[in-house]
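Worksheet for the structure shown next.
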Amino acid sequence: FFSIPLPLVSRISGESESWADIAWIAIPVSGLILATVALACWLFLNRTVWGRHLLATGENERAARYSGINTSALIVFAYVACSSLAGLTGILFTLELNSVQPASSGSFYELYAIAAAVLGGCSLRGGRGAVFSVIAGAAVMRCLYKAIVVLGISQMWEMVIIGTALLMAVTIDELFARWLPDRRSGQSTA
């Protein structure tokens with residue numbers, strides 16, 4: 002397989018080794034892109050009709066369709082937006098590493114992404130979640146990954162640890178989903 006080396010670029014305050022090191026007021030460009038995309042997603046989901054329709058479709062597609070929402074168009078839009086953001090993420094990942102090997106770069110990153118979303122409070126059943134909570138979940142996953150690397154845990158156990166974190170998050174999500182309706186209706190589960 003092959004690697005694609007990327008050219009070196011100069012930083013605002015000196016020499017840099019990669020595009021990911023370009024900074025503006027000591028904030029990496031990738032951080033600025035994250036903040037911009039997160040704010041745009043938050044504004045879309047919480048301040049536009051289409052965003053609220055998308056959340057309604059995720060919560061209950063049939064009810065959204067019966068209320069007059071064009072769920073097919075929203076689902077296609079959601080897939081296109083997700084794919085576009087995944088492409089942007091791939092570009093930023095490539096710029097950070099300075100090279101890419103298609104066979105091995107990003108292996109099992111979908112597990113990290115799902116775990117980050119679930120840790121951030123997104124329901125696997127859809128319709129619930131917050132943009133900034135997902136960013137917090139991603140930060141927790143990154144800290145967990147860094148701890149695994151610093152402790153020298155083998156890659157085999159890395160997947161076990163991440164899978165366990167995902168399983169715990171899904172279990173907690175399911176328990177809250179069962180507990181919350183009982184709590185709202187005033188019933189006690191004890």
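With my numbering, letter number 121 in the sequence shown gets 122, and the count goes up by one each step, no holes. Note that beta-carbon positions come from the ideal geometry of N, C-alpha and C, so glycine has one too.
- Ala87 is not a Cβ neighbour of Val119, given a cutoff of 7 Å.
- By the neighbour-count criterion, in which 16 or more other beta carbons inside 10 Å mark a residue as buried, Thr72 falls on the buried side.
- Contact between His54 and Ile70 holds, with the beta-carbon distance rounding to 5 Å and staying under 8 Å.
- Rounded to the nearest angstrom, the gap between the Cα atoms of Gly153 and Glu159 is 10 Å.
- Beyond the five residues adjoining it in sequence on each side, Ala137 comes within less than 7 Å, by CB distance, of Gly121 in the same chain, given in chain order.
- Between the C-alpha atoms of Gly130 and Cys123 there is a straight-line separation of about 4 Å.
- For Asn47, the uninterrupted alpha helix (DSSP H) run begins and ends at Val30 to Arg48, by DSSP.
- Around Val135, the same chain offers Ala117, Ala118, Gly121, Gly122 and Cys123 as residues with beta carbons nearer than 8 Å, after the five sequence neighbours per side are excluded.
- Within a 10 Å sphere around the beta-carbon of Gly32 sit fewer than 16 other beta-carbons, which makes this residue exposed.
- Going by DSSP, Phe133 is part of the alpha helix (DSSP H) stretching over Val132 to Leu152.
- Taking the C-beta atoms as reference points, Thr58 is found no nearer than 7 Å to Ala64.
- Here DSSP, grouped into helix, strand and coil, assigns Ile76 to helix.
- Here DSSP, grouped into helix, strand and coil, assigns Val171 to helix.
- In the three-state reduction of the DSSP assignment, Leu176 falls in the helix class.
- Leu167 and Ile115 do touch by the CB rule: their CB atoms are close to 6 Å apart, below 8 Å.
- Distances from the CA of Leu93 to each of Thr165, Met157, Leu35 and Ile162 were compared; the closest alpha carbon is that of Leu35.
- Rounded to the nearest angstrom, the Cβ distance from Gly128 to Leu56 is 6 Å, consistent with a contact under 8 Å.
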